[in-house]
Amino acid sequence: MGDDPACRPATPRGSARAAALQYRRGDDALPRVVASGRGAVAERIVDLAFAHGVPVREDSDLAALLASVEPGNNIPIEAMMAVAEVLSHLYRLNNWLGADAAPPPSLPDRV
């Protein structure tokens, strides 16, 4: 299916899932979920990410797994490879942008 949105099956409105992660390299052992939800909450998480310039990745399987994690808890080991891939991409992007790029703001604890 690739990354072409036209090739993805349509997600029924209200069934979307989303999770926001936080990872501080050097401080955190594992990334942790800072917000998660379904439906309107998921849409709000994604809207906040876009509004603050936080990169968003669409992966329905990973979102379903992470959305089941209570905010404040570390990601499950089953998600490590997928999350490591996302973080690796973000670190490369940050290096490409240069040291002058502002870090993305923290998401609120509650959305």
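Per the working numbering, numbering through the sequence shown is continuous, rising by one, with the last residue being 647. Backbone N, C-alpha and C fix where the C-beta goes; we use that ideal spot for every residue, glycine too. No experiment lies behind these values; they were computed from the predicted model shown.
What do you reckon, are the CB atoms on residue i and residue j nearer than 8 Å?
i      : j      : result
Val619 : Pro567 : yes
Ala554 : Val582 : yes
Pro612 : Leu623 : no
In whole angstroms, give me the CA-to-CA distance for residue i and residue j.
i      : j      : result
Ala615 : Ala576 : 24 Å
Asn631 : His625 : 10 Å
Phe586 : Ala556 : 12 Å
Ala546 : Leu629 : Low confidence applies to Ala546: its pLDDT is 46, below 50, so where it sits in the model is not reliable, and the reading given next is rough at best. Each residue's alpha carbon lies about 29 Å from the other.
Ala552 : His588 : 20 Å
Val592 : Met617 : 17 Å
Gly562 : Arg574 : 31 Å
Leu584 : Gln558 : 14 Å
Ala578 : Asp597 : 14 Å
Beta strand (DSSP E) containing residue i: first to last residue?
i      : result
Leu557 : 553 to 558
Span of the alpha helix (DSSP H) holding residue i?
i      : result
Val582 : 575 to 587
Ala599 : 596 to 603
Per DSSP, which one or two residues make a beta bridge with residue i?
i      : result
Val569 : Leu557
Asn609 : Answer by DSSP bridge pairing: none, since Asn609 is not bridged.
Taking contact to mean 3 or more Cβ pairs, one atom from each stretch, closer than 8 Å, check whether the region 600 to 617 and the region 561 to 578 are in contact. Counting Cβ pairs under 8 Å, three or more are found: they touch.
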